[in-house]
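*Asks:*
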Amino acid sequence: MKKYLFVLIICCFTKYGNSQNIGLGADAMYNFQTESFGAGARVSFFPNRRISIVPEFSYYFPFNKIQEYYLGLAIEFKFIYAKKFNAYLIAHGAYNSWLNHENSPMPNAEPNNWNGEIGIGISNNKCLRPFLEYRYNVNFRETHLRLGLLYIFGCDGRGTGGGKKRSTERCAAYPRYN
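In our numbering, the protein residues as written are 14 to 191.
Shown next as structure tokens:
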């Protein structure tokens with residue numbers, strides 16, 4: 014599974030890497046219920062102005078009560094797309110590997126789980142996009158906060174998140190803004 018995800022990401026980088034419709038990012042996470050800290054990495058694909066498809070990997074460190082990792086896919090829908098920022102809704106599905114499940118007081122704690130999350134986020138529309146997300150894990154009934162940074166490849170630096178590429182070619186991601 015990981016091998017196929019890696020190949021998909023590499024293919025998308027070569028096809029879309031210079032046309033402002035792919036980004037690479039990292040984030041820090043805090044889970045309020047388990048009082049755990051983690052880190053995440055993501056690739057964002059932008060098929061249009063409103064939708065983002067985001068493969069993600071998240072890891073909660075061994076010094077926490079819960080040590081686990083997630084490998085999943087999020088869909089983000091921008092319900093506010095303003096000139097300087099956007100706000101978006103998140104739907105996320107993931108495989109969860111709970112690495113220290115045997116230490117859990119929960120009955121029937123399992124090492125392998127599937128999770129769903131819903132949430133809300135905010136970011137700007139620049140080439141370097143800080144973001145803040147609040148998510149709710151439906152399976153474990155937990156909330157967590159993510160603070161991160163996303164870099165958009167091929168961005169022209171005009172701060173709009175769309176527009177023309179650095180060269181004279183037209184931008185495939187936002188054709189109506191060319």
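A virtual CB, placed ideally from N, CA and C, is assigned to each residue, including glycine.
Which residues in the same chain as L160 place their Cβ atom closer than 7 Å to its Cβ, once the five residues preceding and following it in sequence are excluded?
*Replies:* Looking up residue 160 in the sequence shown gives position 147. Closer than 7 Å at the Cβ level, and outside the excluded window around L160, lie D40, A41 and L145.
*Asks:* Tell me which same chain residues have a C-beta within less than 6 Å of the C-beta of N77, skipping the five on either side of it?
*Replies:* In the sequence shown, the residue the question calls residue 77 occupies position 64. Contacts found: S49.
*Asks:* Between which two residues does the beta strand (DSSP E) containing A107 stretch?
*Replies:* The residue you call residue 107 lines up with position 94 of the sequence shown. First-last of the beta strand (DSSP E) with A107: F98 to W111.
*Asks:* What separation, rounded to the nearest whole angstrom, lies between the Cα atoms of N44 and G106?
*Replies:* Within the sequence shown, the letter at position 31 stands for residue 44. Within the sequence shown, the letter at position 93 stands for residue 106. Roughly 17 Å between the two C-alpha positions.
*Asks:* Which residues mark the beginning and the end of the beta strand (DSSP E) in which H114 is found?
*Replies:* On the sequence shown, position 101 is the one that residue 114 refers to. Segment: none, H114 is in no beta strand (DSSP E) and carries neither H nor E.
*Asks:* Quick one: grab the DSSP three-state call for D169.
*Replies:* Mapped onto the sequence shown, residue 169 falls at position 156. Coil, per DSSP.
*Asks:* Going by DSSP, which residues form a beta bridge with T156?
*Replies:* Start at 1 with the first residue of the sequence shown, and residue 156 comes out as number 143. Y149, per the DSSP bridge assignment.
*Asks:* Can you name the residues that DSSP bridges to K91?
*Replies:* As a first step, residue 91 is located in the sequence shown; it is residue number 78 there, counting from the start. Answer by DSSP bridge pairing, in chain order: Y101.
*Asks:* Measuring CB to CB, does A52 end up less than 8 Å from Y72?
*Replies:* Taking the sequence shown and counting its residues from 1, one reaches residue 52 at position 39. Taking the sequence shown and counting its residues from 1, one reaches residue 72 at position 59. Cβ atoms of A52 and Y72: closer than 8 Å.
*Asks:* For R148, which residues in the same chain have their Cβ closer than 6 Å to its Cβ, ignoring the five residues on either side in sequence?
*Replies:* As a first step, residue 148 must be located in the sequence shown, where it is residue number 135. Around R148: E130, G132 and H157.
*Asks:* Quick check on F59: buried or exposed, where buried means 16 or more other Cβ atoms within 10 Å of its Cβ?
*Replies:* As a position in the sequence shown, residue 59 is number 46, starting the count at 1. By the neighbour-count rule (16 or more Cβ atoms within 10 Å), F59 is buried.
*Asks:* Measuring alpha carbon to alpha carbon, tell me which of S136, N113 and A95 ends up nearest Y82.
*Replies:* Here the question's residue 82 lines up with position 69 in the sequence shown. Closest option to Y82, Cα to Cα, is N113.
*Asks:* Look at the alpha carbon of S136 and the alpha carbon of P143, and state the distance between them as a whole number of angstroms.
*Replies:* Here residue 136 is taken as the residue at index 123 of the sequence shown, counted from 1. Here residue 143 is taken as the residue at index 130 of the sequence shown, counted from 1. Each residue's alpha carbon lies about 6 Å from the other.
*Asks:* Roughly how many angstroms separate the alpha carbons of N61 and N34, rounded to a whole number?
*Replies:* What you label residue 61 is simply residue 48 of the sequence shown in a count that begins at 1. What you label residue 34 is simply residue 21 of the sequence shown in a count that begins at 1. The straight-line gap from Cα to Cα measures roughly 8 Å.
*Asks:* Measure the beta-carbon distance from R63 to F90 and round it to whole angstroms, keeping in mind my assumption that it falls under 8 Å.
*Replies:* Walking along the sequence shown from the start, residue 63 turns up at place 50. Walking along the sequence shown from the start, residue 90 turns up at place 77. About 6 Å separates the two Cβ atoms, so the contact holds.
*Asks:* Quick check: I93 and A100, are their CB atoms within less than 8 Å of each other?
*Replies:* Position 80 of the sequence shown, counted from the start, is the residue given in the question as residue 93. Position 87 of the sequence shown, counted from the start, is the residue given in the question as residue 100. Yes; because the gap between Cβ atoms is below 8 Å, this pair is in contact.
*Asks:* Using a Cβ-Cβ cutoff of less than 6 Å, which residues in the same chain neighbour R55 once the five nearest sequence positions on both sides are dropped?
*Replies:* Along the sequence shown, read from residue 1 onward, the residue named residue 55 stands at position 42. Within the same chain, R55 has close Cβ partners G38, V67 and E69.
*Asks:* Can you tell me whether DSSP reads N121 as helix, strand or coil?
*Replies:* Residue 121 sits at position 108 when you count from the first residue of the sequence shown. It is coil, neither helix nor strand.
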